[in-house]
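> In the numbering used here, the protein residues as written are 65 to 657.
The beta-carbon is built from N, C-alpha and C at its ideal position, and this holds for glycine as well.
Everything numeric in this text was worked out from a predicted model, so none of it was measured.
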Ligand code: PEP
Ligand code: MG
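(1) What is the DSSP secondary structure of residue 257, reduced to helix, strand or coil?
(2) Taking the alpha carbon of residue 251 as the point to measure from, which residue in 238, 230, 260 and 132 has its own alpha carbon closest?
(3) What beta strand (DSSP E) runs, 3 residues minimum, are completely inside the stretch 565-598?
(4) Under 7 Å: does the beta carbon of residue 415 sit that close to some heavy atom of the ligand MG?
(5) Tell me whether residue 466 is buried or exposed, calling it buried when 16 or more other Cβ atoms sit within 10 Å of its Cβ.
(6) Count the C-beta pairs between the stretch 520-528 and the stretch 489-502 that are closer than 8 Å, then say yes if the count reaches three, no if not.
(7) Hey, how far is the Cα of residue 446 from the Cα of residue 410?
(8) Return the CA-CA distance between residue 191 and residue 208, expressed in angstroms with no decimal places.
(9) Hey, would you say residue 80 sits closer than 8 Å to residue 278, going by beta carbons?
(10) Would you say the stretch 581-595 touches the stretch 609-622, given that touching needs at least three Cβ pairs under 8 Å?
(11) Would DSSP call residue 221 helix, strand or coil?
(12) Taking residue 455 as the reference, give the member of 390, 321, 532 and 513 with the closest Cα.
(13) What I want to know is whether the C-beta of residue 253 ends up closer than 7 Å to one or more non-hydrogen atoms of the ligand PEP.
(14) Let me confirm a value: residue 402 is counted as buried when at least 16 other C-beta atoms fall within 10 Å, else exposed. Which label applies?
(15) Taking its Cβ as the centre, do 16 or more other Cβ atoms sit within 10 Å of residue 427, making it buried, or is it exposed?
(16) Three-state secondary structure (DSSP) at residue 91?
(17) With a 10 Å radius around its C-beta and 16 neighbouring C-beta atoms as the bar for buried, classify residue 168 as buried or exposed.
(18) Whose CA, out of 603, 635 and 586, lies closest to the CA of residue 616?
(19) Please tell me whether residue 601 and residue 583 are closer than 8 Å, where the distance is taken between their beta carbons.
(20) Have a look at 395, 374, 431 and 404 and flag the residue whose alpha-carbon is nearest the alpha-carbon of residue 412.
(21) Have a look at residue 650 and residue 642 and give me their C-alpha separation to the nearest angstrom.
(22) Only counting the same chain, and skipping five residues up and downstream in sequence, which positions put a Cβ closer than 6 Å to that of residue 581?
(23) Thinking just about the alpha-carbon of each residue, which of 118, 509, 116 and 462 is nearest to the one in residue 369?
(24) Rounded to whole angstroms, what's the CA-CA distance from residue 221 to residue 350? Just pull it up for me.
(25) Among all residues, which have a Cβ less than 6 Å from at least one non-hydrogen atom of the ligand PEP, and in what chain order do they fall?
(26) Hey, is the stretch 315-326 in contact with the stretch 283-302, meaning 3+ C-beta pairs nearer than 8 Å?
(27) To which residues of the same chain is residue 116 closer than 6 Å at the C-beta, ignoring the five residues directly before and after it?
(28) Could you please give me the residues that DSSP links to residue 350 through a beta bridge?
(29) Closest to residue 280 by C-alpha separation, out of 236, 334 and 535, would be which residue?
(30) From residue 497 to residue 367, what does the alpha carbon distance come to, in whole angstroms?
(31) Under three-state DSSP, which class holds residue 164?
(32) What residues in its chain sit with their C-beta under 7 Å from that of residue 96, if we drop five residues either side in the sequence?
(33) Which residue comes first and which comes last in the alpha helix (DSSP H) that contains residue 706?
(34) Looking only at DSSP bridge pairs, what is residue 492 linked to?
(35) Which class does residue 466 belong to by DSSP, given the choice of helix, strand or coil?
(36) What first and last residue would you give for the alpha helix (DSSP H) that runs through residue 154?
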């Protein structure tokens with residue numbers, strides 16, 4: 065889109081993917097990222113050993129640098145984001161990467177630089193064509209690590225932002241996560257890149273640092289030059305080159321308006337999540353690591369509705385001990401007491417694997433040896449976790465929840481193991497909550513359709529819509545080729561949610577939702593109208609969802625739910641949800657569009 069400009073230059077709008085919110089305006093600083101190509105050398109026989117030593121020294125130095133960056137990120141942003149650099153260390157520690165490079169030096173007599181470059185290119189090309197978007201995004205991590213190793217080999221110090229003197233918008237073909245992590249907020253207004261997606265570590269890092277960013281802009285790094293004046297909106301994912309006065313005013317006002325909305329939402333922290341006609345909903349948070357407990361408090365959630373405990377098992381070579389797990393669960397429970405913390409027992413398998421646990425190679429891992437199925441087959445591992453959870457229950461309000469339950473028998477068997485653990489602790493005089501509440505996740509259609517039977521054995525249900533959608537619609541949740549079929553508002557999904565809520569209420573137990581749907585403000589009135597008691601979501605979504613709850617009545621939410629249950633398509637339901645949100649909470653729409 066082009067518009068005439070009073071100084072003769074045209075305004076040009078380029079669309080990409082907004083990955084970190086914020087409107088900024090300023091001069092471009094273009095990162096060219098050109099690196100010297102290593103010269104092709106043929107090593108003499110007697111130089112091979114020293115070349116391998118040089119390569120190994122570069123690996124050691126790279127690991128040291130990554131550790132330093134990781135520690136800085138940990139200190140400034142937090143443990144969760146610092147974990148990104150574990151992926152980098154995994155590349156460095158990958159014996160195939162190291163050995164293949166050494167083989168090239170030894171067998172083909174290549175210099176270390178050329179060998180590293182070739183091996184990294186082969187890795188990147190192999191990753192670039194895999195279907196899994198997450199793995200594809202790791203290409204950036206491999207390139208980042210390889211670039212660092214190369215720099216350490218050549219001694220070339222390439223600080224991408226060395227020339228930066230004034231506050232600028234950094235434009236690059238791509239930015240590595242470690243480069244993003246070292247961006248200085250005092251000099252960087254935001255960044256825009258040709259490549260990238262919202263799940264890339266670069267995007268995650270930008271959000272964590274609070275630096276506005278737009279990625280996936282095509283050839284923006286070839287179209288812009290250092291010094292160009294550019295306006296960028298990290299929410300809408302656009303950059304405007306040579307913006308007119310009118311555009312500047314429009315985006316400036318937009319930024320002010322959004323900030324005002326955010327401030328107003330944050331002011332709701334102490335207010336109850338209650339509709340204007342008096343229906344209260346519990347709003348809790350999903351966490352993966354104990355460190356996130358601060359976020360839970362910051363956004364005013366009523367405790368934790370889903371603690372994904374498997375992250376204690378991932379990215380390490382051994383299993384977490386009972387004491388280690390106890391410490392983590394107790395920390396969260398005691399900080400948040402008297403609010404409740406629902407600890408989900410380990411959900412390994414599917415797309416989550418732990419090095420210490422041997423899992424079979426499966427053709428359909430999401431339909432395979434996952435979650436409660438794995439736990440029941442490995443009672444020693446399962447009981448270690450159950451004892452840790454029980455012990456933590458003496459230090460706050462702890463609840464326990466089993467994932468991926470598909471039949472009643474699994475709940476009976478898991479509860480029997482829980483009783484064994486209780487007896488063991490009693491025998492040793494170790495305190496725990498004798499009345500600890502146990503619930504199940506409703507993630508599989510068979511569980512939703514037999515919720516009345518399951519309800520006899522548990523104190524609550526939490527609907528895991530991420531999996532319920534995938535298992536109901538037969539759409540792999542991590543396969544972007546079928547992502548267009550992944551529809552949370554599909555009538556079949558709504559009918560299963562409704563059946564679960566009704567069965568739970570009939571048996572006198574409460575029902576929550578802890579999948580992504582719970583944190584989508586557009587879905588809030590629909591879930592309310594279907595009768596949900598609790599919504600659990602990423603902590604930062606709590607203010608948005610609370611604001612929607614406070615803007616609608618239970619009555620109009622029920623009308624919406626009835627209409628949705630009678631709708632023919634997922635899109636129809638989505639339109640109905642959007643219409644109510646636009647009427648009741650237009651400012652929230654403003655923030656999420
Ligand atoms: C879900 O399936 O909705 C859920 C919350 O669990 P996870 O995303 O961890 O599978
Ligand atoms: Mg799940």
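Quick look at the numbers:
(1) Locating residue 257 in the chain shown gives position 193, counting from the first residue. Strand at residue 257.
(2) Mapped onto the chain shown, residue 251 falls at position 187. It is 230.
(3) 574-577
(4) Position 351 of the chain shown holds residue 415. Here the distance from the Cβ of residue 415 to the nearest heavy atom of the ligand MG is not below 7 Å.
(5) Residue 466 sits at position 402 when you count from the first residue of the chain shown. With 16 or more other Cβ atoms within 10 Å, it is buried.
(6) yes
(7) Position 382 of the chain shown, counted from the first residue, corresponds to residue 446. Position 346 of the chain shown, counted from the first residue, corresponds to residue 410. Going from the Cα of residue 446 to the Cα of residue 410 covers about 8 Å.
(8) Here residue 191 refers to the residue found at position 127 of the chain shown. Here residue 208 refers to the residue found at position 144 of the chain shown. Computed Cα separation, rounded: 14 Å.
(9) Sequence index remark: in the chain shown, residue 80 carries index 16 (1-based). Sequence index remark: in the chain shown, residue 278 carries index 214 (1-based). Yes, Cβ-Cβ distance for residue 80 and residue 278 is below 8 Å.
(10) yes
(11) The residue labelled residue 221 in the question sits at position 157 within the chain shown. Confidence at residue 221 is low in this model, with a pLDDT of 47, below 50, so its placement is unreliable and the value that follows should be read with caution. Residue state, collapsed to three classes: coil.
(12) If you number the chain shown from 1, residue 455 lands on position 391. Closest option to residue 455, Cα to Cα, is 390.
(13) Taking the first residue of the chain shown as position 1, residue 253 is located at position 189. Outside the cutoff, so no.
(14) Along the chain shown, read from residue 1 onward, the residue named residue 402 stands at position 338. Residue 402 is exposed by the Cβ-count criterion.
(15) Residue mapping note: residue 427 aligns to position 363 of the chain shown, counting from 1. Exposed.
(16) As a position in the chain shown, residue 91 is number 27, starting the count at 1. Residue 91 falls in the strand class under three-state DSSP.
(17) The residue you call residue 168 lines up with position 104 of the chain shown. Buried, since its Cβ has 16 or more Cβ neighbours within 10 Å.
(18) The count along the chain shown starts at 1 and reaches residue 616 at position 552. Sorting 603, 635 and 586 by C-alpha distance to the C-alpha of residue 616 places 586 at the top.
(19) Within the chain shown, residue 601 is the residue found at index 537, counting from 1. Within the chain shown, residue 583 is the residue found at index 519, counting from 1. A contact, by the Cβ cut-off of 8 Å.
(20) One-based indexing of the chain shown puts residue 412 at position 348. Considering only alpha carbons, the answer is 374.
(21) On the chain shown, residue 650 is found 586 positions in, with the first residue counted as 1. On the chain shown, residue 642 is found 578 positions in, with the first residue counted as 1. Taking the straight line from one Cα to the other gives about 10 Å.
(22) In the chain shown, the residue the question calls residue 581 occupies position 517. Scanning its chain for C-beta atoms nearer than 6 Å, with the 5 sequence neighbours on each side dropped, one finds around residue 581 the residues 529, 552 and 587, in chain order.
(23) Here residue 369 refers to the residue found at position 305 when the chain shown is read from its first residue. Ranking 118, 509, 116 and 462 by Cα distance to residue 369 puts 462 first.
(24) Position 157 of the chain shown, counting from 1, holds the residue named residue 221. Position 286 of the chain shown, counting from 1, holds the residue named residue 350. In this predicted model, residue 221 has a pLDDT of only 47, less than 50, meaning its place in the structure is not dependable; the value taken from the coordinates is given anyway. Taking the straight line from one Cα to the other gives about 41 Å.
(25) Close to the ligand PEP, as judged by a C-beta nearer than 6 Å to any of its heavy atoms, are the residues 370, 372, 411, 507, 528, 529, 530, 531, 578 and 579, in chain order.
(26) yes
(27) Position 52 of the chain shown, counted from the first residue, corresponds to residue 116. Excluding sequence neighbours, residue 116 sits near 166 and 169.
(28) Position 286 of the chain shown, counted from the start, is the residue given in the question as residue 350. DSSP lists 370 as partners of residue 350.
(29) Within the chain shown, residue 280 is the residue found at index 216, counting from 1. When each option's Cα is compared against that of residue 280, the closest is 236.
(30) Sequence index remark: in the chain shown, residue 497 carries index 433 (1-based). Sequence index remark: in the chain shown, residue 367 carries index 303 (1-based). Between residue 497 and residue 367, the C-alpha separation is close to 18 Å.
(31) Along the chain shown, one-based indexing puts residue 164 at 100. Of the three classes helix, strand and coil, the one that applies to residue 164 here is helix, per DSSP.
(32) Residue numbering aside, residue 96 sits at position 32 when the chain shown is read from its first letter. Nothing meets the Cβ criterion.
(33) The displayed coordinates of the chain run from 65 to 657. Any statement about residue 706 would go beyond what the structure contains.
(34) Your numbering for residue 492 matches position 428 in the chain shown. DSSP output for residue 492 lists no bridge partner at all.
(35) The count along the chain shown starts at 1 and reaches residue 466 at position 402. Of the three classes helix, strand and coil, the one that applies to residue 466 here is strand, per DSSP.
(36) Walking along the chain shown from the start, residue 154 turns up at place 90. Taken as a continuous stretch (DSSP letters only), the alpha helix (DSSP H) holding residue 154 covers 148-157.
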